[in-house]
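Accompanying notes for the structure given below.
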Amino acid sequence: MAQIMTVFHSPPHPSEPRGPHNLLLCTMVWNYDPKKDSVLQVSKIDYEKCNTSSPIAEHNDGNTKVKLDRSGPFYFISGTQGNCEKGQKLITVVLSSSRGFVGISPAPSPVEFDGPAVAPTSGCMSLRGGLMVMLGGLMGLVLL
Numbered sequence: 001m002a003q004i005m006t007v008f009h010s011p012p013h014p015s016e017p018r019g020p021h022n023l024l025l026c027t028m029v030w031n032y033d034p035k036k037d038s039v040l041q042v043s044k045i046d047y048e049k050c051n052t053s054s055p056i057a058e059h060n061d062g063n064t065k066v067k068l069d070r071s072g073p074f075y076f077i078s079g080t081q082g083n084c085e086k087g088q089k090l091i092t093v094v095l096s097s098s099r100g101f102v103g104i105s106p107a108p109s110p111v112e113f114d115g116p117a118v119a120p121t122s123g124c125m126s127l128r129g130g131l132m133v134m135l136g137g138l139m140g141l142v143l144l
């Protein structure tokens, strides 16, 4: 079973000016068994068709880190034939700060929760909020 997490990086120095198109850098991290699977970054068309033959980038080290260094969508699928068709695919959308996106705070849980604490709101909240929705549909990109 793969684990996915997102790492948020602040600008190098707090006093660094942030222009209208600056982003906080975000990194997607996958931990999985490299003997059984890989992570492919693909185009939108290849994502929709689950095409593994022409990836933008292929990762098979078991500890994949991909910097999301621009605004827009990023498309990922499992590298094992048949897994994408079973739902092991992921879209991440990064919004630029110039869009004026206001982060969405998570709603309080109606029941007691024993999991990890939710991270504080950051400039990457747009990605974090999208990630929460995306992971709900993906169930953690389970790579068996």
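Here UniProt numbering is used: position 122 in the sequence shown is 122, and no number is missing along the way.
We treat Cβ as the ideally placed atom computed from N, Cα and C, and that holds for glycine.
If you're wondering where the values come from, they're calculated on a predicted model, not measured in any experiment.
- Taking C-alpha positions only, L95 is separated from K86 by approximately 28 Å.
- In the DSSP assignment, K67 is bridged to T27.
- For Y75, the secondary structure class from DSSP, reduced to helix, strand or coil, is strand.
- Each residue's CA atom was taken as its position, placing G82 and P55 some 16 Å apart.
- The alpha-carbon separation between D46 and G72 amounts to approximately 17 Å.
- Contact between N60 and S38 holds: their C-beta atoms lie close to 4 Å from each other, under 8 Å.
- Around the C-beta of V29, fewer than 16 other C-beta atoms lie within 10 Å, and the residue is accordingly described as exposed.
- Just measuring C-alpha positions, the residue of T64, T92, A57, R70 sitting nearest D33 is T64.
- The continuous stretches of alpha helix (DSSP H) do not include K86, and DSSP gives it neither H nor E.
- In the assembly as shown, K67 is an exposed residue. Its beta-carbon has fewer than 16 other beta-carbons within 10 Å.
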